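S.K.:
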Amino acid sequence: MYTTRQGKRAFMVAPAAAVVALSAGPAALAAEPVPGSSAGGKAGPSAPAGYRITTELPERISVDNRSGKTELTAKVTNKGSATTGAVRLTVAGFQGLTVDNVAGCTKVPEARLPKGSNSAYSCAIDALASGKSRTFDVTAHFDLNRQGQICLPVTLGNTETLLWQQGPVHFGTRNPVSDAPDTPLMLNTVNVPAGSSTATPGPSESAAPGERLPETGPPSVLPLAGAAAGLLLLGGAGVWITTRRSSHR
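Mapping of the sequence shown onto our numbering: position 61 corresponds to residue 64, and the numbering continues sequentially without gaps.
(1) Using CA coordinates, which residue listed in Asn194, Asp182 and Val193 is at the minimum distance from asparagine 68?
(2) Using the rule of at least 16 other Cβ atoms within 10 Å of the residue's Cβ for burial, across every protein chain shown, is arginine 149 buried or exposed?
(3) Round the Cβ separation of alanine 127 and threonine 87 to the nearest angstrom and send it over; I've been treating them as touching at under 8 Å.
(4) Give the C-beta separation of threonine 142 and alanine 123 to the nearest angstrom, bearing in mind that I take them to be a contact with Cβ-Cβ under 8 Å.
(5) According to DSSP, is alanine 46 helix, strand or coil?
(6) If we call anything under 8 Å between Cβ atoms a contact, is alanine 42 one with leucine 155?
(7) Give every residue of the same chain whose Cβ lies closer than 6 Å to the Cβ of threonine 73, excluding the five residues on either side of it in the sequence, and list them in chain order.
(8) Excluding five sequence neighbours on each side, which residues of the same chain lie with their C-beta closer than 6 Å to the C-beta of alanine 50?
(9) List in chain order: all unbroken alpha helix (DSSP H) runs of 4+ residues lying wholly within the region 59-127.
(10) Can you find the residues in the same chain that come closer than 6 Å, C-beta to C-beta, to valine 79, ignoring five residues on each side of it along the sequence?
(11) Report buried or exposed for glycine 241, applying the criterion of at least 16 other Cβ atoms within 10 angstroms of its Cβ.
(12) Quickly, what does DSSP pair aspartate 140 with across the bridge? List them, please.
(13) Within a Cβ cutoff of 6 Å, which residues of the same chain sit near glycine 53, ignoring the five residues on either side of it in sequence?
(14) Using a 10 Å radius around the Cβ and a threshold of 16 neighbouring Cβ atoms, would you call alanine 132 buried or exposed?
(15) Quick check on the burial criterion: 16 or more other C-beta atoms within 10 angstroms. Buried or exposed for glycine 151?
(16) Within 10 angstroms of the Cβ of threonine 192, are there 16 or more other Cβ atoms? Answer buried if so, exposed if not.
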């Protein structure tokens, strides 16, 4: 089982003392170009020959301190040598991160949510040519008083064959600023809840500010009740489908 390594220091989230209205609204957050990273991603063990699917999340998102709203993009890329058949991306939120909507995708019913997830959307992709990408606009909200994770599994069509899985990975604080309208969160960094005196270290907290996050890395381990690994790969198949809540009822 993967474990997270000890960070060198922890940060305190400082909530905004005053509410500052953003003239462009939440869309301004998504419009700002942000480098992406596949940190926490791993290929599925049973992916067919020629399939090299990866996903990316932005390295940084901003959470409105008043509403908790945030926007980000989920990117799927075909790095294989040929056009894929139908594939399916799922965007799932955990604990303090709740996925409110993914444009063009279908909400996953509560009974079929991945184990430990509070929300998820399913995105069907008919085919993806070699070297091409698809991006999906995600709206979410983040409870800055809690930890939050996101996961992007990609499966082959409507089957249980896992092609790729990014996460669950954290979005957390790097350089929180007091009295600001929003809080910046960095990918693969554990959040320090507001008012906390201590924090659980994250895998990227020791990185210097401005340094690019790793392009690959092991998924984070989720402290989920009754399921320590959530959507992590298990044996020869992904457990995104097999550990749905419905299977445990």
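Backbone N, C-alpha and C fix where the C-beta goes; we use that ideal spot for every residue, glycine too.
Everything numeric in this text was worked out from a predicted model, so none of it was measured.
M.R.: The short version:
(1) The residue given as residue 68 occupies position 65 in the sequence shown. Answer by Cα proximity: Asp182.
(2) Translated into positions along the sequence shown, residue 149 becomes position 146. Counting Cβ neighbours within 10 Å, arginine 149 comes out exposed, since fewer than 16 surround it.
(3) On the sequence shown, position 124 is the one that residue 127 refers to. On the sequence shown, position 84 is the one that residue 87 refers to. Contact flag wrong, Cβ pair sits at about 12 Å.
(4) If you number the sequence shown from 1, residue 142 lands on position 139. If you number the sequence shown from 1, residue 123 lands on position 120. In fact, because the Cβ distance is near 14 Å, the residues do not count as touching under 8 Å.
(5) Mapped onto the sequence shown, residue 46 falls at position 43. Note: alanine 46 maps to strand in three-state DSSP.
(6) Locating residue 42 in the sequence shown gives position 39, counting from the first residue. Locating residue 155 in the sequence shown gives position 152, counting from the first residue. Not in contact: alanine 42 and leucine 155 (Cβ atoms no closer than 8 Å).
(7) Residue mapping note: residue 73 aligns to position 70 of the sequence shown, counting from 1. The answer, listed in chain order, is Ile64, Val66, Ala143 and Phe145.
(8) Within the sequence shown, numbered from 1, the residue matching residue 50 stands at position 47. Taken in chain order, the residues that qualify are Leu166.
(9) none
(10) Taking the first residue of the sequence shown as position 1, residue 79 is located at position 76. Answer for valine 79: Thr58, Leu92 and Arg137, listed in chain order.
(11) Along the sequence shown, read from residue 1 onward, the residue named residue 241 stands at position 238. Confidence at glycine 241 is low in this model, with a pLDDT of 37, below 50, so its placement is unreliable and the value that follows should be read with caution. With 16 or more Cβ atoms within 10 Å of its Cβ, glycine 241 is classed as buried.
(12) Residue 140 sits at position 137 when you count from the first residue of the sequence shown. Bridge partners of aspartate 140: Thr76.
(13) Indexing the sequence shown from 1 puts residue 53 at position 50. Closer than 6 Å at the Cβ level, and outside the excluded window around glycine 53, lie Gly83, Ser84 and Ala85.
(14) Counted from its first residue, the sequence shown places residue 132 at position 129. Its Cβ having fewer than 16 others within 10 Å, alanine 132 is exposed.
(15) Position 148 of the sequence shown, counting from 1, holds the residue named residue 151. Label assigned to glycine 151: buried.
(16) For the purposes of this step, residue 192 is taken as residue 189 along the sequence shown, with counting starting at 1. Buried, since its Cβ has 16 or more Cβ neighbours within 10 Å.
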